[in-house]
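Have a look at the structure below before the remarks.
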């Protein structure tokens, strides 16, 4: 082994030019990504400064005496301002214009239909003594109807959908006709139904008694003529003119209620922040941030320092605890892209001003990261995201606290995201968490249920609905970034998959070995933490390279038959070592994800094919040799899942070779194999600790003892 170490050392430490180039490009990519993401986040920051004091309604003022640094107006509360606006809008008069083409079209239609309808009049309603009387009466009715139609359309007919008769509707409207505006009471504006009633009444009044027809006969004739077919709305809302009139009324409402002058006392330290002082402090905060943002470029410098600090912390966390993510350009790009995307959506909603900040589905960040990575990373990224947005929103502490709790609930509820309905249940629980925490904070601030703004519950509900979009987003991101979701891993782990079925048929011993390795790996990873679904799928496929020449692997050989007996040790080692590369080829041919392929290439690390290596040394004790032929090319495991699989694979295979199986021999072989792997540095690049390795050994010993337990001998 000393000779082996001496010969391989230059190979280990000699970095090829291509490797150096790749690492340099990766480093440049991370630096560029860092600065681009930071620049975007700084751009999204509000240009206003940040008020230096934190405060809450209903709590004591914890800072020193606050004195007005300048003159500023006191802004009205939202409810007060809305009440004043509603009051002045009582006098709002919307503008409507009359569509003159409507009456022309309907009169033409009436003329086209009238003769046919007149001929079909029921004789039970009216009888005519002669054809000439019938013709004369027809012309008489047609003239009266056309005159009344023209009169009704000149007044204007409005659609029922305009809602002028509903509570809160304007009492007066302005109707524009031939450049003249006439003011009409809203209740007097005709709808199609009202117009029909007035039309029938006007015609009846003008024709009753003519040719000795009674009112009932006139009504009968009109009913058969279906005059409602010619009555349609011809009043069109003048949106621009109405909006201008509404705006003019709203400008009459003052958004302030008094002034605070420079040097005036606002609040003492320890004094309770009541409703009145809260409005004054809020007004000072808005004016202060507005003035600071427009007067000092140092605000941008401060924002840049905050953002870059947050991004540095993100990168340091990945380097320290998720190095495999940091080293993967696609994975780190996804995380940074997710932060920027949610930040952009949040800023857009706040600029728009129509929606509450609580509608922002910020919990979607931990949901997506939890799906593709792990809970620890999801919690950390959620915290960073909430803190960044907390600088933008009013009442930052309240928003950060409520959103952080909601995000944690989402992570805890998604322990098994692949289960049907789990995401829906998670969304419901997030809404419940929002509602409970918000209500608690509101009671602290207001001291009364009646003062709580219950409208925010609607925004929480909308937030929960938006979280359901995580499901299609998971699929989109999975395909775009070549990730693996839990649902996909479960599909891959199905032993009825064609590739696994083929492995069971062609190499049954290897298939059984893979099942045992999967069980061992999964149990160990449950103990130390990690993606148990990923390691199970990786274990099932890690030896698919043995589909080619399966008889050269001992688990598939019949007793007394060994195909290596006729081969040189180097050839045998080459066949054994080659199964990792052949496995990669089979995996890519069958479309297996790269995450599964990583298990195939790394499950032996850079270890030696011990049997053939030692056999060769015994046969050539003094001869020169190329030891590289007896060592797997690697790479070494870089994830805790790959490291656990390597241990499980070696331990499971070695346990089958024991002549005597008991607790002592199983414990010894587990200790020996894993300790040798640690000594060779096989896990130096993986995120795994000595404590983890100790726990893994205990799990392996217990599981192997259960597998090989002694059964009772059945009586003959």
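Residue numbers (my numbering): 1467 to 2182.
Where is the CB? At the ideal position from N, CA and C, for every residue including glycine.
The structure presented is a predicted model; accordingly, all values stated were derived computationally and were not measured.
Taking 9 Å as the CB-CB cut-off, is residue i touching chain B?
| i | result |
| --- | --- |
| residue 1873 | In the structure shown, chain B cannot be found, because there is only a single protein chain. |
Which class does residue i belong to by DSSP, given the choice of helix, strand or coil?
| i | result |
| --- | --- |
| residue 1771 | helix |
| residue 1528 | coil |
| residue 1567 | helix |
| residue 1539 | strand |
| residue 1497 | helix |
| residue 2154 | coil |
| residue 2029 | helix |
| residue 2077 | helix |
| residue 1574 | helix |
| residue 2045 | helix |
| residue 2008 | coil |
| residue 1551 | helix |
| residue 2103 | coil |
| residue 2051 | helix |
| residue 1905 | helix |
| residue 1764 | helix |
| residue 2059 | coil |
| residue 1698 | coil |
| residue 2122 | coil |
| residue 2143 | helix |
| residue 2023 | coil |
| residue 1674 | coil |
| residue 1689 | helix |
| residue 2148 | coil |
| residue 1890 | helix |
| residue 2134 | helix |
| residue 1492 | helix |
| residue 2085 | helix |
| residue 1507 | helix |
| residue 2015 | coil |
| residue 2174 | coil |
In this structure, what does DSSP give as the bridge partners for residue i?
| i | result |
| --- | --- |
| residue 2108 | DSSP, once it has assigned bridges, lists no residue as partnering residue 2108. |
| residue 1562 | 1641, 1703 |
| residue 1519 | Answer is none; residue 1519 lacks a bridge partner. |
| residue 1533 | 1731 |
| residue 2097 | 2074 |
Assign residue i to one of two classes, buried (16 or more other C-beta atoms within 10 Å of its C-beta) or exposed (fewer than that).
| i | result |
| --- | --- |
| residue 1572 | buried |
| residue 2148 | buried |
| residue 2030 | buried |
| residue 1938 | exposed |
| residue 1733 | buried |
| residue 1478 | The pLDDT assigned to residue 1478 is 42, lower than 50, so where the model puts this residue is not dependable; a value taken from the coordinates is nonetheless given after this. Label assigned to residue 1478: exposed. |
| residue 2037 | exposed |
| residue 1929 | buried |
| residue 1935 | exposed |
| residue 1788 | buried |
| residue 1771 | exposed |
| residue 1987 | buried |
| residue 1920 | exposed |
| residue 2163 | buried |
| residue 1502 | exposed |
| residue 1602 | exposed |
| residue 2224 | Summary: the structure shown does not reach residue 2224, with the chain confined to residues 1467 through 2182, and so no result is reported for it. |
| residue 1706 | exposed |
| residue 1684 | buried |
| residue 1496 | buried |
Less than 8 Å between the CB atoms is what I'm expecting for residue i and residue j, so what's the real figure, rounded?
| i | j | result |
| --- | --- | --- |
| residue 1696 | residue 1615 | 6 Å |
| residue 1730 | residue 1872 | About 40 Å; that fails the 8 Å criterion. |
| residue 1847 | residue 1832 | 7 Å |
| residue 1959 | residue 2006 | 6 Å |
| residue 1940 | residue 1951 | 5 Å |
| residue 1711 | residue 1558 | 7 Å |
| residue 1990 | residue 2110 | 5 Å |
| residue 2132 | residue 2167 | 6 Å |
| residue 1750 | residue 1994 | In fact, because the Cβ distance is near 53 Å, the residues do not count as touching under 8 Å. |
| residue 1537 | residue 1728 | 5 Å |
3-residue-minimum beta strand (DSSP E) runs that sit fully inside the stretch 1585-1669, ordered along the chain: Within the stretch 1585-1669, the runs of beta strand (DSSP E) that reach at least 3 residues and sit entirely inside it are, in chain order, 1638-1643, 1646-1651.
Runs of alpha helix (DSSP H) wholly within the stretch 1704-1754 (minimum 4 residues, chain order): Listed in chain order, they are 1705-1716.
Start-end ranges of the alpha helix (DSSP H) lying completely within the stretch 1798-1876, minimum 4 residues: The qualifying runs are 1830-1838, 1841-1856.
Contained alpha helix (DSSP H) runs [length at least 4] in the stretch 1910-1997, N- to C-terminal order: Segments of the alpha helix (DSSP H) lying fully in the stretch 1910-1997: 1922-1933, 1936-1947, 1952-1958, 1964-1972, 1974-1994.
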